[in-house]
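Accompanying notes for the structure given below.
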Amino acid sequence: MPNDFFLVDTSVWIFALKKDPVVPIKDRMDSLLKEDTVITTGMIKLEVLTGAKSEKEYKRLKSRFDALESIETDDELWRKACENGFKLRRRGLTIPSTDVLIASCALQADAVLLHADAHFNLMEKPLGLRCESYVQVLKKALS
Numbered sequence: 333m334p335n336d337f338f339l340v341d342t343s344v345w346i347f348a349l350k351k352d353p354v355v356p357i358k359d360r361m362d363s364l365l366k367e368d369t370v371i372t373t374g375m376i377k378l379e380v381l382t383g384a385k386s387e388k389e390y391k392r393l394k395s396r397f398d399a400l401e402s403i404e405t406d407d408e409l410w411r412k413a414c415e416n417g418f419k420l421r422r423r424g425l426t427i428p429s430t431d432v433l434i435a436s437c438a439l440q441a442d443a444v445l446l447h448a449d450a451h452f453n454l455m456e457k458p459l460g461l462r463c464e465s466y467v468q469v470l471k472k473a474l475s
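Every number in the working numbering is 332 more than the matching position in the sequence shown, counting from 1.
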């Protein structure tokens with residue numbers, strides 16, 4: 333049984349699935365998928381699936397997501413996301429609500445958030461969020 337589950341953010345899915353992927357991101361994603369440690373949530377599904385370029389790609393991605401365990405966004409999770417957003421704002425951090433929701437999902441599931449989005453780095457300490465960040469890897473790959 334794996335030690336940790338990983339909530340894989342949209343920022344990782346995008347760069348892992350590209351025709352010309354960011355190799356370290358793709359390799360990490362492939363490894364976690366093989367280990368069956370990837371989980372998801374509705375917001376990430378929404379962000380990834382609405383970016384599909386064709387019906388065929390949409391169906392392929394949907395099938396992939398349907399095979400993953402999904403964190404439910406129930407009333408308690410929404411309440412916690414609101415509290416987290418308020419807490420961050422009081423500390424002077426204005427984070428997109430979608431990212432606050434995704435971080436709250438990771439916290440609820442006690443999962444590591446795998447991402448390539450600097451917003452999550454900002455939330456790590458204030459929320460006690462466990463992250464594996466590929467922000468620097470992505471910057472290097474895109475420069």
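Note that beta-carbon positions come from the ideal geometry of N, C-alpha and C, so glycine has one too.
The DSSP assignment places complete alpha helix (DSSP H) segments of no fewer than 4 residues inside the region 343-410 at 355-366, 374-381, 387-398, in order along the chain. Note that the C-beta distance between residue 364 and residue 338 is below 8 Å. Ranked by how close their Cα comes to the Cα of residue 413, the residues 392, 437, 425, 400 have 437 in first place.
Residue 355 and residue 453 have their C-alpha atoms some 21 Å from each other. One thing to note: residue 439 has its Cβ no nearer than 8 Å to the Cβ of residue 347.
As a beta-bridge residue in DSSP terms, residue 463 pairs with 445.
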